[in-house]
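Asker: Pasting a structure below so you can have a look.
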Amino acid sequence: MVKQWRFVGFDDGFSGFTSKNACIVGCVTAGTYVEGFLYERIEVDGFDVSEKIISMINDSKFREQIRCIFLPGITFAGMNIADIQEIHRNTGIPVVVVMKKLPDFDGMERAISRTENPDERRRILEKAGEIKPLFSLFVQLAGCSEEDAKNYIRASTLKGNTPECLRIAHLVASAIVYGESRKA
Numbered sequence: 002m003v004k005q006w007r008f009v010g011f012d013d014g015f016s017g018f019t020s021k022n023a024c025i026v027g028c029v030t031a032g033t034y035v036e037g038f039l040y041e042r043i044e045v046d047g048f049d050v051s052e053k054i055i056s057m058i059n060d061s062k063f064r065e066q067i068r069c070i071f072l073p074g075i076t077f078a079g080m081n082i083a084d085i086q087e088i089h090r091n092t093g094i095p096v097v098v099v100m101k102k103l104p105d106f107d108g109m110e111r112a113i114s115r116t117e118n119p120d121e122r123r124r125i126l127e128k129a130g131e132i133k134p135l136f137s138l139f140v141q142l143a144g145c146s147e148e149d150a151k152n153y154i155r156a157s158t159l160k161g162n163t164p165e166c167l168r169i170a171h172l173v174a175s176a177i178v179y180g181e182s183r184k185a
């Protein structure tokens, strides 16, 4: 039997600014096979998403098996920005941010300017590093090379170009918020 790499993908369940909290769901897969889920609450426009991701992973029974952490971007629950360098440093696991299109930088700047501590949010954004094209995606990397990221994406994708753990995390998080899953 061939041992498969394990991945975790995180996405938030967020229905706007009517609540102070949002959910964040992690889906753990072996290749493309679902093995489990992680769940936590994060603050809308807060500063706790990195800490929550780190603690979910480090406290998880899956911790030692996870080869890569996938994120669908670095903003969660509004402008709660994930520090991918900190997540990598505190888990020892590579982080690959997978985006289907480039972020709307002007829109992000407008949103950041309306939050508390906009300079700290800008610092975290800059720290995430360069956005690079990869396949038909855009990625940001912490703790791995572009070649490693290609291998992780290939090994974790069943159909299309989205890692299965990210796709399923999105479906579960949206079902928690809306009562049914929304398109991934």
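Residues 2 to 185 in my numbering are what the sequence shown lists, from first letter to last. The beta-carbon is built from N, C-alpha and C at its ideal position, and this holds for glycine as well.
Under the rule that 16 or more other beta-carbon atoms within 10 Å means buried, what is V35, buried or exposed?
Answerer: Here the question's residue 35 lines up with position 34 in the sequence shown. Answer is exposed; the Cβ neighbour count stays below 16.
Asker: Step through the CB atoms of chain E and report whether any lies within less than 8 angstroms of the CB of Q86.
Answerer: Judged by its chain identifiers, the structure shown contains no chain E, having just a single protein chain.
Asker: Flag this pair as touching only if the segment 58-74 and the segment 107-114 have three or more C-beta atom pairs under 8 angstroms; answer yes or no.
Answerer: As far as the Cβ criterion goes, the segment 58-74 does not touch the segment 107-114, which means the pair count is below three.
Asker: Considering just the uninterrupted stretch of the beta strand (DSSP E) at K133, what are its terminal residues?
Answerer: Sequence index remark: in the sequence shown, residue 133 carries index 132 (1-based). Counting along the chain, the beta strand (DSSP E) containing K133 begins and ends at 133-135.
Asker: Suppose you measure from the CA of H89 to the CA of R124; what does that come to, to the nearest Å?
Answerer: Position 88 of the sequence shown, counting from 1, holds the residue named residue 89. Position 123 of the sequence shown, counting from 1, holds the residue named residue 124. For H89 and R124, the distance between alpha carbons rounds to 17 angstroms.
Asker: Going residue by residue through the segment 30-84, where are the continuous alpha helix (DSSP H) segments of at least 4 residues, counting only ones entirely within it?
Answerer: Here the runs fully enclosed are 50-59.
Asker: With distances taken from CA atoms, which of G93, T30, Q66, K21 is nearest L159?
Answerer: Translated into positions along the sequence shown, residue 159 becomes position 158. Checked all of G93, T30, Q66, K21; the closest Cα to L159 is T30.
Asker: Roughly how far, in whole angstroms, is the beta-carbon of C24 from the beta-carbon of G14, given that I think they are within contact range, below 8 angstroms?
Answerer: As a position in the sequence shown, residue 24 is number 23, starting the count at 1. As a position in the sequence shown, residue 14 is number 13, starting the count at 1. About 4 angstroms; that satisfies the 8 angstroms criterion.
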